[in-house]
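Numbered according to the UniProt record's numbering, the sequence shown spans residues 1 to 134. Beta carbons: idealized from backbone N, C-alpha and C, even for Gly.
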Amino acid sequence: MSTSVKPSVERAVAASEPADVEPVALDAEALDSTAPEYLRDLKADLSEAGYLPAGLRVEACFSENCSIETQAEADRLRGLVRAASFLGVGRVSVRADDVAEPTKVEPALAALAERAEREGVTLTVEGPVTLDRE
C-alpha cells in the first residue's frame, strides 16, 4: 500500500469494519458477456458466494500493424473497463505481449486509461507498451 494515502481514504477506512468477503481478480476471458443484465447477475452471485471482484485481468492483442485493428481491440478493452466499473472492480490489468506497432497502440491505451479514470477504475499495462502515467 502506498505511504501517501489521501486523507479521504484514511477517513473512510478508519470508519469501516472488516467484511467477510474474499477479494478476487477475475479473468476477462471468463466473462460470458459484458451486457448489464449478465454483469448484474454475476455481481450478485459473487456477493452471495462471499467474493468481492477487486480486479479484472485482460489479455490484449495488438499484433496487426493496422489502425482499424488497433481501434477494434481498444474498443473491446473499453467495454471491459465499463464492465469492470459496473462490477465495482477497482483495477483493470492489461497484458499486451504481442504489439506490432507501439506508436499506434500507446495513444489508444492512454485514451483508455483516461476513460478508466472517469469510470473510477485504475488501468495498468504490462508488456512492450507503456502508459506515460505509470
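Distance check for residue j and residue i, CA to CA, integer angstroms please.
i	j	result
residue 134	residue 35	Residue confidence is low: residue 134 scores 44 on pLDDT, short of 50, so the model does not pin down where it sits. Its coordinate-derived value is still stated next. Approximately 30 angstroms, taken between the alpha carbons.
residue 44	residue 33	15 angstroms
residue 2	residue 13	Below a pLDDT of 50, predicted positions are generally treated as unreliable, and residue 2, at 49, falls in that range; no measurement from the model is reported.
residue 80	residue 6	27 angstroms
residue 115	residue 91	13 angstroms
residue 60	residue 85	18 angstroms
residue 119	residue 17	26 angstroms
residue 73	residue 51	29 angstroms
residue 87	residue 67	30 angstroms
residue 121	residue 89	7 angstroms
residue 30	residue 83	13 angstroms
residue 47	residue 11	25 angstroms
residue 70	residue 19	41 angstroms
residue 76	residue 49	28 angstroms
residue 96	residue 123	13 angstroms
residue 9	residue 117	17 angstroms
Reducing DSSP to helix, strand and coil, say where residue i ends up.
i	result
residue 118	helix
residue 85	helix
residue 93	strand
residue 103	helix
residue 15	coil
residue 45	helix
residue 59	strand
residue 73	helix
residue 109	helix
Could you name the residues of the same chain whose beta carbon sits closer than 6 angstroms to that of residue i, not counting the 5 residues immediately before and after it, in chain order?
i	result
residue 101	65
residue 94	58, 60 and 125
residue 21	50 and 52
Using a Cβ-Cβ cutoff of less than 7 angstroms, which residues in the same chain neighbour residue i once the five nearest sequence positions on both sides are dropped?
i	result
residue 135	Limits of the chain in this structure are 1 at one end and 134 at the other, which puts residue 135 out of reach.
residue 127	95, 96, 97 and 99
Query raised in the report: Are there three or more Cβ pairs, one per stretch, closer than 8 angstroms when the region 100-115 is compared with the region 40-55?
Result: no
Query raised in the report: At a cut of 8 angstroms, does the region 46-63 reach the region 21-33 through at least three beta carbon pairs?
Result: yes
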